[in-house]
Amino acid sequence: QPDASPGYCWPFQGSRSEVIIRLPTQIQPTAVAIQHTSKMAPLPGTFSSAPQHFTVSGLDEEGKDETLFGTFTYTMQKELIQTFPLQVQAFQFLKLVIQSNWGKPGYTCIYRVKVYG
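Mind the numbering: the sequence shown is residues 1 to 117 in the UniProt record's numbering, read in order.
Below you can see the structure in the form of structure tokens.
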């Protein structure tokens, strides 16, 4: 989505969610980036819906074997787009698990996920 304005997010129900991302081809991911909207956003609850703690894993083609790449924290006091380095083997499927957000009970919003490799 080209727009990262408040409200134009990928909402997940609750404060804990997961998604599997299928990449066009198998790559060796070197980093993943997460983007949230501005802390100065005019919509109430925008800050608290940001992901806080999350994990990134690789899945085999059948989705059975999972390799944990790391556990990370998205910090609202830093840049809106935060990049987290990965050092792993090649995968085509990545699993993003949001373990918590910054306090919003109803949903968690992600404005952009980027995978580098």
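Glycine residues also receive a C-beta, built at the ideal position from the N, C-alpha and C atoms.
Predicted model, so just to flag it, every value in this text is computed and none were measured.
Candidates the options: closest to residue i by CA position
| i | options | result |
| --- | --- | --- |
| Tyr116 | Phe84, Phe72, Tyr74 | Phe84 |
| Asp60 | Phe47, Arg112, Arg22 | Arg22 |
| Gly69 | Pro29, Tyr111, Val56 | A small fix is needed here, since residue 69 is Phe in this sequence, not Gly. Nearest C-alpha to Phe69: Val56. |
| Lys95 | Thr73, Ser17, Gln82 | Ser17 |
| residue 118 | Cys9, Tyr8, Gln28, Val19 | Since the first residue of the chain shown is 1 and the last is 117, residue 118 is not available in this structure. |
| Thr37 | Leu80, Gly106, Asn101, Pro105 | Leu80 |
Per-residue DSSP class, three states only, for residue i
| i | result |
| --- | --- |
| Phe75 | For clarity, residue 75 is Thr in the given sequence; the question names Phe instead. Three-state DSSP puts Thr75 in coil, outside helix and strand. |
| Gln28 | coil |
| His36 | coil |
| Tyr116 | strand |
| Val88 | coil |
| Ser100 | strand |
Straight-line gap, residue i to residue j (C-alpha atoms, nearest Å)
| i | j | result |
| --- | --- | --- |
| Gly14 | Gln99 | 10 Å |
| Phe26 | Gln35 | One detail in the question is off: residue 26 reads as Gln in this sequence, not Phe. Looking at the two C-alpha atoms, the distance is approximately 23 Å. |
| Gln87 | Pro11 | 28 Å |
| Ser49 | Lys114 | 19 Å |
| Gln78 | Ala31 | In the sequence under discussion, the amino acid at residue 78 is Lys, which differs from the Gln named in the question. Using only the alpha carbons, I get a separation of about 17 Å. |
Buried/exposed call for residue i, threshold 16 Cβ in 10 Å
| i | result |
| --- | --- |
| Pro51 | buried |
| Lys64 | exposed |
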